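Residue numbers (this note's numbering): 892 to 1886. All C-beta atoms in this analysis are idealised placements derived from N, C-alpha and C, irrespective of residue type, glycine included. Nothing here was measured: the structure is a model prediction, and the numbers come from that model.
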RNA sequence: GCCCGGGUGGUGAAACUGGUAGACACGCAGGACUUAAAAUCCUGUGGCCAGAAAUGGCUGUGCGGGUUCAAGUCCCGCCCCGGGUACCA
């Protein structure tokens, strides 16, 4: 027996960590007799830096849910694994010469060791690693299923490619045109073929046609090419024209790449959002990414000198504004440009196209407000009033969206208005006073004017009228557009899944299933070839097969392995399928998925896509992978800075930077002084004096080689302060431990300080991302060393709402630590002796128990863990005050607390005489009946209406009951028409009446 | 610019569908124990005012209005902070 001390905590935690592993208490198997519950964490990328205190936040939350659900009688699946393919390991390999496979394995070991210290109840027997051939065998297999599928738009689902071939043989592609409007038949500009034609095509031509339909397809696409990384990046990996990793420039380039035809699923991905429980912002981000817009396609007749093209098709969401069209704009890359440009404008247009071509992606993005453009000399004819509308070219119209052409309505669209003003195109006002002549108004409410047959209608109402008319005239139709593009799926990288295909006659063919996995060949050459081929192209023997076939030199993006890992957990060792049908059906959807919001688009969309495809192909019976998503907030670091006075130094007259020499004595200015510096000449002089002094001692002490060097104190001005990150471990609050700082890094050994008046050196602070280079990382191991894992868990939950981002600080950690000791002491006397009693609990004690159980159960249900922790603290305080040590009260509480603090609760549970792990105990649900029987409800009516029901506890003090009786009389009179001035009725405490 | 969040004590934060604002915890102050310190425990703690005291009054949830018997919570306008996103027609 012992007190709850540091030593005891360590003993308890070590003991239980070992027991849990030995007894395999976390091992889960399917059990049809119990309801299932699947709690999932976003699996981590095992970076070299290990875990910091931010990582476990979500894991602790999911662990609490998992343990709680298990105590509530659910069969809980709570696995963990590693997203182990990816760029950083490869980058690291190139810099340090350590193979990604090795560094990844080491990093995973570190992660697992750290995770286990925190006491998570993961079933490690289900661990998956995406870089394991036994795993990526199935990633490749699923890829092949996608490759072997097409999207039947009539049935709105994926089907096998063989069904498509059947259709082609019977009816050609008349009912199933190419999904992509730009696709054409091989060596032709036609888009339709008959069954006879289909049969006449050669193998390669048929394959080319099928490629236009496959859900995983190979095509020349505009890709984001990053020269510095030597690879293609997905749209979401490019931020402001530079790569999200490294910040290198990215350019558009045509390359033959694998893509997933996610656009076919745009509508289903959008609809699916309605049935899943994601946060509003998360759904919004996905909706924006999909970017659905409903409108119409309108074809205008074109009048030009050339006879080539006679029509121009635009996409608009506002067909109601058709009478306000004052110009047309086509994208510079639009094929019509060549065909309609007038001779008189040819030079201008040529010049403009050159200019556009010269603009890099970054420039275009940086200067979106710059208005450029050029008139083609051709006109479109408004079908309703026959007006001639000039056709312009401008880079603000994108070739990739809609039809690559728009109708310009300056009175209603901001950009169109700016364009018109810039090129002095007259503006037609169709919305009367809604348009003030200086700014466009995108209203839907205006009553239309100058709009022919639409006059007098509101814009909202006019939309369907116009569209009907357009359809009737055969010059337009309803059209839905999506911003989302197909997902680029090739990476010129080594450390990823190879594509399980072989090329024959330049066309890819699926590998035989029984030859999977196609293992990543060993290699130490990770450099991209620079020609657009992946590093695997360096391995000639691997790329070129003996029979003349070749392999793909690219690998899949990390999203591939992550797009289905939650399915593999259900049946991780299955050698014959990605997961057995029975197990997939038993575990089904993930009930709760916890992870960061940074995966809002990529990972979550791809996972949703893969599940939808697998479902369409009959492998799954659910359409959405994640029922509920919780985004835990980020824990940010709280950095500390010291401010170094920078001076130049002279060496025989020449000046150099002092920081280049580690022996330069450094002078650091306390933050309080720094803030007053600008206003105070006295302080400035003090610093200059100090610098002069230092410069003297420096010369005396300085190394011989620098004998000529002399600091130049006069070169210092108040602006010359350089902030340096300082290790947060040698700062207490804001106060720097000066001695520790001198020892921290050799160049600070002789550092001097300008301190506050009380002699302390105060640091500056800033909230930033936790990172090694900022010296603000807090390692969970250190917290566990100091307080134990249970305290860490409780404290991370106590810190604030799960979804909220917050800076890490340990200010309140003593509070939860003290709580654990108080809880421990309910079972022990002050000296550590076990003092549990089997006496009957009193009504008050039972009330405390059930109140706590109720709140905790509700709070966990709402993922409101911070208030749960508070509830336990209140409970412990109340029971301590009552000196309650009764088994009937404490036993249910240990179970309730065990998800939060599993180690200490297991220990107490064992001491209470239970040989089985507390994980298998049953959470005692609060007794609603008991709470009801011990309180009564009193209706409060105001002006005759019952406004509220108040709950009163029976054990409240006598005088309070008297007040209630008084109040009840007053309320009675009130309803008779004599309202009191003021009545305050408070459940259980105070009643105050002012007559 | 647009779309989501969010502004509550010295600090982290509670407050269910409008019904005691500040639970719980940190910090701080005072006290107990101690030769002393640490640890622990107890008491107090939004601000202002009155009172010897118990206590009482006023005020208070970013700012300005409104609805209501009652507003941190609902409505209108504005300011600030965080996140996402952007020539998407």
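Q: Tell me, please, which residues DSSP counts as bridged to residue 1371.
A: As a position in the first chain, residue 1371 is number 480, starting the count at 1. In the DSSP output, where bridge partners are listed per residue, residue 1371 has 1185.
Q) Between residue 1617 and residue 931, is the Cβ-Cβ spacing less than 8 Å? A) Sequence index remark: in the first chain, residue 1617 carries index 726 (1-based). Sequence index remark: in the first chain, residue 931 carries index 40 (1-based). No.
(Q) Under DSSP, the alpha helix (DSSP H) around residue 995 begins and ends at which residues? (A) The count along the first chain starts at 1 and reaches residue 995 at position 104. Run containing residue 995: 991-1009, per the alpha helix (DSSP H) assignment.
Q | Of the listed residues 1658, 1110, 1347 and 1185, nearest to residue 1151 (C-alpha basis) | A | Your numbering for residue 1151 matches position 260 in the first chain. When only C-alpha atoms are compared, the closest one is 1110.
Q. Can you check whether the CB of residue 954 is closer than 8 Å to the CB of residue 1012?
A. Position 121 of the first chain, counted from the first residue, corresponds to residue 1012. Position 63 of the first chain, counted from the first residue, corresponds to residue 954. Yes, these two residues count as a Cβ contact at 8 Å.
Q: Compute the Euclidean distance between the alpha carbons of residue 1716 and residue 1411, then round it to the nearest angstrom.
A: Residue 1716 sits at position 825 when you count from the first residue of the first chain. Residue 1411 sits at position 520 when you count from the first residue of the first chain. If you take the alpha carbons of residue 1716 and residue 1411, they lie about 57 Å apart.
Q) Alpha carbon to alpha carbon, what distance is there between residue 1526 and residue 1373? A) Stepping through the first chain from its first residue, residue 1373 is reached at position 482. Stepping through the first chain from its first residue, residue 1526 is reached at position 635. Going from the Cα of residue 1373 to the Cα of residue 1526 covers about 35 Å.
Q) Across which residues does DSSP place residue 1148 in a beta bridge pair? A) Translated into positions along the first chain, residue 1148 becomes position 257. BP columns for residue 1148 point to 1110.
Q) When DSSP labels each residue in this structure, what does residue 1279 get in the three-state scheme? A) For the purposes of this step, residue 1279 is identified with residue 388 of the first chain, where counting begins at 1. Note: residue 1279 maps to strand in three-state DSSP.
Q | Simplified DSSP assignment, three categories, for residue 1116 | A | The count along the first chain starts at 1 and reaches residue 1116 at position 225. It is a strand residue.
Q) Under the rule that 16 or more other beta-carbon atoms within 10 Å means buried, what is residue 1119, buried or exposed? A) Stepping through the first chain from its first residue, residue 1119 is reached at position 228. Classification for residue 1119: exposed.
Q: Kindly list the residues whose CB is nearer than 6 Å to the CB of residue 968, restricted to its own chain and excluding five residues on each side of it in sequence; keep chain order.
A: For the purposes of this step, residue 968 is taken as residue 77 along the first chain, with counting starting at 1. Cβ neighbours of residue 968 beyond the five flanking positions: 919, 929 and 1478.
Q: Quick one: using the 10 Å Cβ neighbour count with 16 as the cut-off for buried, is residue 1147 buried or exposed?
A: For the purposes of this step, residue 1147 is taken as residue 256 along the first chain, with counting starting at 1. That one is exposed.
Q.
If I follow the unbroken alpha helix (DSSP H) through residue 1075, where does it start and stop?
A. For the purposes of this step, residue 1075 is identified with residue 184 of the first chain, where counting begins at 1. Premise fails: residue 1075 is in no alpha helix (DSSP H) and is neither H nor E.
Q: Count the CB pairs spanning the region 1164-1181 and the region 1237-1245 that are closer than 8 Å, and state whether there are at least three.
A: no
Q) Between the beta-carbon of residue 1763 and the beta-carbon of residue 1817, is there less than 8 Å? A) Residue mapping note: residue 1763 aligns to position 872 of the first chain, counting from 1. Residue mapping note: residue 1817 aligns to position 926 of the first chain, counting from 1. No. Outside cutoff.
Q: State the start and end residues of the unbroken alpha helix (DSSP H) segment that holds residue 1105.
A: Locating residue 1105 in the first chain gives position 214, counting from the first residue. Taken as a continuous stretch (DSSP letters only), residue 1105 belongs to no alpha helix (DSSP H), as it is neither H nor E.
Q: To the nearest angstrom, report how far apart residue 1209 and residue 1303 are at their CA atoms.
A: On the first chain, residue 1209 is found 318 positions in, with the first residue counted as 1. On the first chain, residue 1303 is found 412 positions in, with the first residue counted as 1. The straight-line gap from Cα to Cα measures roughly 9 Å.
**Q.** C-beta atoms of residue 1002 and residue 942 nearer than 8 Å
**A.** What you label residue 1002 is simply residue 111 of the first chain in a count that begins at 1. What you label residue 942 is simply residue 51 of the first chain in a count that begins at 1. Contact flag set, yes.
(Q) Could you tell me the alpha carbon to alpha carbon distance between residue 1608 and residue 1620, rounded to whole angstroms? (A) Working through the first chain from its first residue, we reach residue 1608 at position 717. Working through the first chain from its first residue, we reach residue 1620 at position 729. Taking the straight line joining both Cα atoms gives about 31 Å.
(Q) Buried or exposed, going by whether 16 or more other CB atoms sit within 10 Å of the CB of residue 1391? (A) On the first chain, position 500 is the one that residue 1391 refers to. It counts as buried.
Q) Who are residue 1499's beta bridge partners in DSSP? A) Taking the first chain and counting its residues from 1, the one referred to as residue 1499 is at position 608. BP columns for residue 1499 are empty, so no partner.
Q. Taking the DSSP output, what are the residues bridged to residue 1247?
A. Counted from its first residue, the first chain places residue 1247 at position 356. BP columns for residue 1247 are empty, so no partner.
Q. Is it true that the CB of residue 1040 sits closer than 8 Å to the CB of residue 1052?
A. Against the first chain, residue 1052 aligns to sequence position 161. Against the first chain, residue 1040 aligns to sequence position 149. Yes. Within cutoff.
**Q.** Sequence-distant residues of its chain with Cβ nearer than 7 Å to residue 1377 (five each side left out)
**A.** Start at 1 with the first residue of the first chain, and residue 1377 comes out as number 486. The residues are 1150, 1151, 1152, 1153 and 1154.
Q | Straight-line Cα distance separating residue 981 from residue 1887 | A | There is no way to answer for residue 1887, as the model of the chain reaches only from 892 to 1886.
Q: Count the CB pairs spanning the region 1379-1396 and the region 1030-1040 that are closer than 8 Å, and state whether there are at least three.
A: yes
Q.
Could you tell me the alpha carbon to alpha carbon distance between residue 1185 and residue 1495, rounded to whole angstroms?
A. Within the first chain, the letter at position 294 stands for residue 1185. Within the first chain, the letter at position 604 stands for residue 1495. Going from the Cα of residue 1185 to the Cα of residue 1495 covers about 24 Å.
Q: Determine which residues share a DSSP beta bridge with residue 1901 and list them.
A: With the chain running from 892 to 1886 in the structure shown, residue 1901 is simply not present.
Q. Taking DSSP as the reference, what is the three-state secondary structure of residue 905?
A. On the first chain, residue 905 is found 14 positions in, with the first residue counted as 1. If DSSP states are grouped into helix, strand and coil, residue 905 belongs with the helices.
(Q) Using the three-state DSSP reduction, which class does residue 1390 fall into: helix, strand or coil? (A) As a working note, residue 1390 is residue 499 in the first chain. Coil at residue 1390, not helix or strand.
Q.
When you compare the CB positions of residue 884 and residue 1281, do they come within less than 8 Å of one another, or not?
A. Limits of the chain in this structure are 892 at one end and 1886 at the other, which puts residue 884 out of reach.
Q) Identify the residues that DSSP records as bridge partners of residue 1798: which are they? A) By one-based count along the first chain, residue 1798 stands at place 907. None, per the DSSP bridge assignment.
**Q.** Unbroken beta strand (DSSP E) run spanning residue 1474, endpoints
**A.** By one-based count along the first chain, residue 1474 stands at place 583. Here residue 1474 belongs to no beta strand (DSSP E); instead the alpha helix (DSSP H) covers 1472-1478.
Q) Is residue 1564 closer than 8 Å to residue 1622 when the C-beta atoms are compared? A) If you number the first chain from 1, residue 1622 lands on position 731. If you number the first chain from 1, residue 1564 lands on position 673. Contact: no.
Q: Give the secondary structure of residue 1416 by DSSP, where H, G and I count as helix, E and B as strand, and everything else as coil.
A: Here the question's residue 1416 lines up with position 525 in the first chain. Correct three-state label for residue 1416: coil.
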